[in-house]
Every structure is written in structure tokens, then in C-alpha cells.
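Undergrad: The structure under discussion is supplied below as C-alpha cells; questions concerning it will follow.
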Amino acid sequence: MEPQPEMQQPRQQTPQPQSEPITPRARRTFAQRVSRKVTTQDGWFGGYDYGWLCLPSLPWSKRSHEPPFYALDAELPLLLAIASGLQHALAMLAGLITPPIIFASALNLDSATSSYMISASLIGCGILSLVQISRIPLFGGYYLGTGLISVVGTSFSTLSTANGIFDAMYRDGTCTSTTAADGTATRNACPDAYGKLLGTSLICSFLEMFMAFVPARILKRVFPPMITGTVVLLIGASLVGDSGALNWGGGSNGCQNFPTSGIFELCPTIFAPRPLPWASPEFIGLGFLSFVAIILTELFGSPFLKNISVIVGLGVGCIVAGAAGYIDGSSIKSAPSITFLWVHTFKIGVYPPAILPMLAVYVSLAMEAIGDITASAEVSRVDVRGLEFDSRVQGGVLSDGLGGFISALFTVAPLSIFAQNNGVIAITRCANRAAGRWCCVFLIIFGILGKVSGALLAIPNPVLGGVTTFLFASVAVSGLRVLSFARYTRRDRFILAAALSFGLGDLLVPGIFTHLFDGVNNPNSALQGFFNSITIILSTPFLAAALVAVILNVILPKDTEGPGSEEDAGVDDAEKQLESPESSRA
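All residue numbers for the sequence shown refer to UniProt numbering, where the first residue is 1 and numbers rise by one.
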């Protein structure tokens with residue numbers, strides 16, 4: 001998830017031919033093309049340098065050459081399409097499995113349900129990514145999908161907001177807790193809470209569908225990089241504290257509070273193969289090992305391995321954890337060999353206090369989609385100006401909103417465009433949609449193979465935490481990158497300071513707004529639900545900051561400083577540097 005600044009002046013793109021002369025190759029039938037692809041050496045391997053892709057590199061060495069660039073619809077060798085598709089799938093795998101694991105942990109769901117949630121997420125991502133990649137024409141010049149390798153996954157903004165919604169459900173009695181003799185409260189399993197999240201997101205998804213038909217210039221004016229960058233920064237930072245670092249220490253399910261009784265007296269529970277107190281050296285060491293594996297892969301790995309460094313970190317951590325006896329294999333044994341959607345179902349409902357927060361989430365998803373589509377288009381060498389690009393944005397946002405509706409029917413939290421795979425396109429120089437389709441095939445296969453989900457669920461919390469801390473910090477860095485394109489006039493600095501006053505305050509002092517309306521005894525259930533909605537919004541750092549930033553951006557007058565001021569000149573120089581060939585290669 002790496003939104004790009006919409007206000008940045010795009011670089012000049014090399015004109016691409018819109019059509020090619022009809023050749024004998026173009027006249028071949030589909031069957032002949034398939035036959036040639038699977039029966040000839042050229043069809044399988046082409047002229048691609050596979051040694052460049054797979055051989056390791058030294059940090060001080062430089063590559064003498066780069067492979068050719070494969071455009072969206074160029075003819076792609078079959079082996080390269082499969083290899084690139086696998087890279088795309090593995091590059092985004094950690095980001096896809098993290099949300100369902102965290103959802104299941106927050107609601108204390110059993111391993112069978114948790115494993116199914118991972119499988120459903122992978123299958124849903126594969127199906128809806130195919131829709132995004134296809135670019136289906138509709139009516140009146142509108143489209144469904146981007147026509148780029150735009151893959152989808154559960155947005156981390158949904159994850160952050162869902163945690164606040166689940167907390168509210170346990171507070172108001174929608175979900176129950178058990179209180180031990182020492183006063184420690186343990187959350188009981190609450191699958192209905194997940195069903196209410198799905199139902200609420202289903203009805204709120206229509207907002208993003210509507211936004212798909214709003215002109216892009218209006219959206220950019222209301223949500224400039226100053227706002228979107230702040231939102232993404234706080235999403236990443238809050239997830240590091242709410243999930244990443246807590247799991248690195250051993251767990252985020254209650255054992256971090258050091259209860260003196262109950263199953264969470266030790267992490268991850270007292271029934272684990274080797275339970276320990278939270279933040280024990282063994283746990284910290286396992287997470288740090290995974291973290292170091294990511295760094296070493298970046299230093300010495302081949303382009304293929306660098307694209308999947310997060311998976312390498314998970315693999316190294318799991319190997320050591322398994323040898324040391326920290327892995328419980330029960331989830332692998334209990335997982336079915338083959339599974340699909342709707343093997344488990346959830347009672348769909350609507351949680352009224354979550355409606356306003358989820359509407360805000362869908363607004364942020366639309367902004368993320370615009371940035372991600374821009375990033376994917378740039379790295380795919382597609383012009384980011386003109387009517388065709390506007391139609392890609394419109395189709396991507398519409399597919400994003402429709403994906404939120406369909407994913408709820410798939411028993412999956414809202415799915416939106418990801419940008420984790422843009423690095424794969426940049427390094428492999430392959431933006432071909434055939435690679436994207438193979439990525440979708442691999443994701444669906446991973447989801448259908450139930451043992452894969454069981455194995456992913458068996459990853460020890462410290463290993464997962466060491467990797468996801470890096471992943472969530474990367475999200476925060478994406479927000480900083482977007483903020484770097486703001487002009488930082490006095491008005492911008494004021495809006496940013498006001499937004500961070502709420503966002504950072506809520507982030508550093510969790511619970512400051514949790515009891516805001518506890519003293520209000522209101523018999524009106526609708527008004528009480530509205531109060532609960534406000535509590536959820538104010539208790540979610542990025543939502544609170546976004547609310548303040550949007551209001552101030554609308555009501556504050558524009559600065560009167562001219563573009564020739566010394567401050568603006570410095571910003572212009574920085575933007576020119578970012579647009580230089582050296583910067584684009586970096």
C-alpha cells in the first residue's frame with residue numbers, strides 16, 4: 001500500500017505505439033498461438049536473461065545490463081510469465097495473510113475458523129485481482145478495472161479501524177468477556193463480530209462506488225497529499241504499536257498485560273509448546289532473526305529473492321522456531337487438504353456505530369486506490385495524463401468499491417488495491433498482464449490448498465511480529481514519501497500540526513477518547529450509537545487526524561504567498577531532483 005502524490009507533475013513518458021501492423025503472427029488463431037507457446041523453446045523461454053533474475057548479487061557490485069521491458073500486452077515467454085506471477089503472489093503474500101490472522105486473534109477464533117479466513121482471503125484476492133487486471137468496458141465510456149497489474153488485498157486502514165470496532169463491541173456487550181479472580185478480563189470468541197464487520201462494510205461500499213464517478217480533480221482538491229500522507233503515516237505507525245511490536249514480544253492477545261491467571265498468563269497461551277512471559281529474550285531473538293534475514297536478503301539476494309524478502313524472513317524464522325520447538329503443528333493437522341469459500345460462514349449483520357468509521361475507511365480506500373494506480377501506471381510505463389489514464393483511475397476505484405461489496409459476500413474484509421507488487425514490476429521490467437493473471441492463479445491455488453493456510457497460521461507470533469513490524473513501518477514510510485511532496489506553506493504546516501495533534505496524541509496515549517461519553521446516560525439508542533461511532537473515530541488515530549485535516553483544508557483560506565518565494569523555490573528544486581533520471585532509476 002504505497003499511495004503516490006496525485007499533485008506531482010508526471011514525467012514525460014516515451015510515446016508507445018497504439019497499434020501494430022497486422023503480421024502473420026497476428027493472424028494466427030488462438031489455438032495456434034497456444035500450441036506455439038507450449039511446444040517451442042521460444043514460446044517457453046524467449047530471450048530473457050534468467051541468470052540475471054536468479055543469481056545473487058554483492059552489495060558493491062553493479063549489473064552490466066538489464067533485461068528487456070515487457071509492456072502490458074507484449075508477447076511474454078511462458079516461463080517468465082509463470083515466474084513473474086509467482087513473484088507477484090509471494091511479494092504480496094505476507095500483506096494478505098496478516099489481516100485475517102489479526103482479525104482472528106482479536107476475536108479469539110478457533111484455528112479452523114482462522115485457517116478458513118486466510119484461505120478465503122487468498123481466494124478472494126485472486127478473483128478480484130483478475131477483475132482489476134481485466135479492465136472490462138461498461139456503459140458511456142466507463143470501465144471496471146485498471147487494465148494494469150493491480151492486485152488487491154485487505155487494506156491496513158480497514159485493519160486499524162476494525163480493531164477499534166471490535167474493542168467497542170466488547171465494551172458495549174455485543175461480544176462477551178470472562179473476568180478472572182484477579183480482575184483480568186479475557187475476551188471470549190466472537191465470530192458474530194466479524195459478521196457484523198462484513199455486513200457494515202457491504203453497505204458502506206456504495207460510497208466508494210459513487211466516488212468512482214466524481215471527477216478526479218475534485219477528489220484531489222479535497223484530499224491533497226498533505227492529508228493522504230498523514231493518513232498513511234498514522235496507519236503504519238498505529239499498526240506497529242497495535243500488532244507488529246506486540247507480536248514480536250510474543251503475542252497481542254492479552255498476554256502482553258502480564259495477567260497472573262488464565263490462559264494468557266504466558267505467551268502465546270499457556271498451552272503452547274514453549275510458553276514464555278511476554279518480551280522474553282527468546283521471543284525477541286526470533287523476531288530479530290526474521291528482521292535480519294530481510295536485511296541480508298536485500299544485501300545479497302538475487303532480484304527474485306529481493307522481491308520476496310518478507311517471505312524469506314518468515315521462512316528463516318520458522319525454520320529456527322520449528323527446530324527449537326516453538327511451532328504448534330495442530331493447525332496444520334486440523335486444516336483440510338482442499339477448501340474453498342463458504343466452508344465456514346458468518347452471520348451477516350450491521351453494527352450501527354461502525355457505519356460512520358467504515359464510510360471514512362472507504363473514502364481513504366479511494367484515495368489509496370488513486371495513488372496506487374498512479375504508481376502502477378508509472379512503473380508500467382503508461383502515461384499518467386489524459387483521458388485514458390483518468391478512465392483507468394475511474395475503473396480502478398469502481399472495482400475497488402465493488403470489491404468491498406463482493407468480498408463481504410466472500411466472507412472477506414474489504415479488499416482494495418495493493419502496491420506491494422510495484423517493486424516486482426520495476427526490478428523484473430515485466431509489466432505484462434499475463435504475469436498478473438498467473439499471480440491470480442497462484443493466489444487462488446494457495447487459498448484452495450487448506451494445508452497452506454494451516455501452515456501460515458502456525459507461524460509463531462514473534463516471527464510474524466518481526467516481519468510485520470517491518471511491513472507496517474514500510475507503510476509509514478510510504479506516508480512520509482507522500483508528505484515530502486507537499487509544499488509546506490504556513491497553511492500546510494498548520495493543517496499538519498493540527499491533524500497530528502489528534503493522531504499522535506491518540507497513538508501515544510491509547511484510550512484517551514475511549515470513555516468520552518461514559519457519563520452520558522441516554523435512553524435513545526440511536527443517539528447512543530452515534531456517540532459510539534464518534535468514540536470509534538476518535539479512538540482510531542488516522543481517522544481522527546483525517547477528520548481534522550479535511551475540515552481545516554476546506555475552511556482555511558489559501559496562502560497568498562507567490563510561487564516565487566524562497567520556500568517554494570526549495571520545494572521546486574526538490575521535486576525536480578525527484579523527477580530526474582537518476583531518481584527514477586533509484
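Backbone N, C-alpha and C define an ideal beta-carbon position, used for all residues, glycine too.
Could you check whether L538 and A546 sit closer than 8 angstroms to each other, using their CB atoms as the reference points?
TA: no
Undergrad: With a floor of 3 residues, list each beta strand (DSSP E) that falls wholly inside the stretch 149–231, ordered by position along the chain.
TA: 152–154, 177–179 and 185–187
Undergrad: I'd like to check one pair, S205 with P414: are the Cβ atoms closer than 8 angstroms?
TA: Yes, these two residues count as a Cβ contact at 8 angstroms.
Undergrad: According to DSSP, is S105 part of a helix, a strand, or is it coil?
TA: Of the three classes helix, strand and coil, the one that applies to S105 here is helix, per DSSP.
Undergrad: Find out if the Cβ-Cβ distance for the pair A74, N432 is shorter than 8 angstroms.
TA: yes
Undergrad: Around the Cβ of R187, are there at least 16 other Cβ atoms within 10 angstroms (buried) or fewer (exposed)?
TA: buried
Undergrad: Classify D242 as helix, strand or coil using the three-state DSSP reduction.
TA: The answer is helix: DSSP assigns D242 an H, G or I state.
Undergrad: Please determine if the stretch 449–459 and the stretch 320–331 are in contact, where contact requires at least 3 C-beta pairs separated by less than 8 angstroms.
TA: Segments in contact, yes.
Undergrad: The alpha helix (DSSP H) with L415 in it runs from where to where?
TA: Where L415 is concerned, there is no enclosing alpha helix (DSSP H), although the beta strand (DSSP E) it sits in stretches over L415 to I417.
Undergrad: Would you give the residue range spanned by the alpha helix (DSSP H) that C439 belongs to?
TA: R433 to I448
Undergrad: Specify whether the stretch 194–205 and the stretch 356–366 touch according to this definition: at least 3 beta carbon pairs, one from each stretch, less than 8 angstroms apart.
TA: yes
Undergrad: Alpha carbon to alpha carbon, how far is F346 from I102?
TA: 17 angstroms
Undergrad: With a 10 Å radius around its C-beta and 16 neighbouring C-beta atoms as the bar for buried, classify R515 as buried or exposed.
TA: Contrary to the premise, residue 515 reads as His rather than Arg in this sequence. H515 is exposed by the Cβ-count criterion.
Undergrad: Is it true that the CB of A498 sits closer than 8 angstroms to the CB of L552?
TA: yes
Undergrad: Strictly by DSSP, which residues pair up with L547?
TA: Answer is none; L547 lacks a bridge partner.
Undergrad: Strictly by DSSP, which residues pair up with P137?
TA: Y143
Undergrad: For G251, which residues in the same chain have their Cβ closer than 6 angstroms to its Cβ, ignoring the five residues on either side in sequence?
TA: C267, P268 and N461
Undergrad: Return yes when the Cβ of T230 is within less than 8 angstroms of the Cβ of L471, no when it is not.
TA: no
Undergrad: Name the residue from L55, P275, P77 and T40 whose alpha carbon lies nearest to the alpha carbon of Y48.
TA: P77
Undergrad: Across the stretch 394–403 and the stretch 210–227, are there enough close Cβ pairs to call them in contact, namely three or more that are closer than 8 angstroms?
TA: yes
Undergrad: Is the stretch 160–177 touching the stretch 365–380, taking contact as three or more C-beta pairs under 8 angstroms?
TA: Touching, no, given that fewer than three Cβ pairs across the two stretches are closer than 8 angstroms.
Undergrad: Given that a residue counts as buried once 16 or more other Cβ atoms are within 10 Å of its Cβ, and exposed if not, what is E378?
TA: Only buried fits E378, as 16 or more other CB atoms lie within 10 angstroms of its CB.
Undergrad: Roughly how many angstroms separate the alpha carbons of P56 and I338, rounded to a whole number?
TA: 36 angstroms
Undergrad: For V467 versus G249, is the C-beta spacing smaller than 8 angstroms?
TA: no
Undergrad: So for I55, helix, strand or coil by DSSP?
TA: Residue 55 is actually Leu in this sequence, not Ile. Three-state result, L55: coil.
Undergrad: Since R493 is in the alpha helix (DSSP H), which residue starts that stretch and which ends it?
TA: R490 to L508
Undergrad: Kindly indicate which three-state DSSP category G564 falls into: helix, strand or coil?
TA: In this prediction, G564 scores a pLDDT of 42, lower than 50, which makes its location untrustworthy; the coordinate-derived value is nonetheless stated afterwards. Residue state, collapsed to three classes: coil.
Undergrad: Using a 10 Å radius around the Cβ and a threshold of 16 neighbouring Cβ atoms, would you call D518 buried or exposed?
TA: Residue environment: D518 is assigned as exposed (fewer than 16 neighbouring CB atoms within 10 Å of its CB, all protein chains considered).
Undergrad: Identify the residues that DSSP records as bridge partners of Y70: which are they?
TA: C430
Undergrad: Would you identify the three-state DSSP class for L516, choosing helix, strand or coil?
TA: Assignment of L516 by DSSP, reduced to helix, strand and coil, places it in the coil class.
Undergrad: Which class does L356 belong to by DSSP, given the choice of helix, strand or coil?
TA: helix
Undergrad: Assuming G126 and I136 form a contact by the criterion Cβ under 8 angstroms, report the distance between their Cβ atoms to the nearest whole angstrom.
TA: Incorrect: roughly 17 angstroms between the Cβ atoms, too far for contact.
Undergrad: Bridge partners for C318 per DSSP, in chain order?
TA: DSSP lists no partner for C318.
Undergrad: Does DSSP put I308 in a helix, a strand or coil?
TA: coil
Undergrad: Contact defined as beta carbons within less than 8 angstroms: I believe G124 pairs with S416. What is the distance between those atoms, to the nearest angstrom?
TA: Contact check for G124 and S416: beta-carbon distance about 12 angstroms, past the 8 angstroms limit, so the pair fails to qualify.
Undergrad: So which of G51, L130, A473 and V240 has the shortest CA-CA distance to G436?
TA: L130
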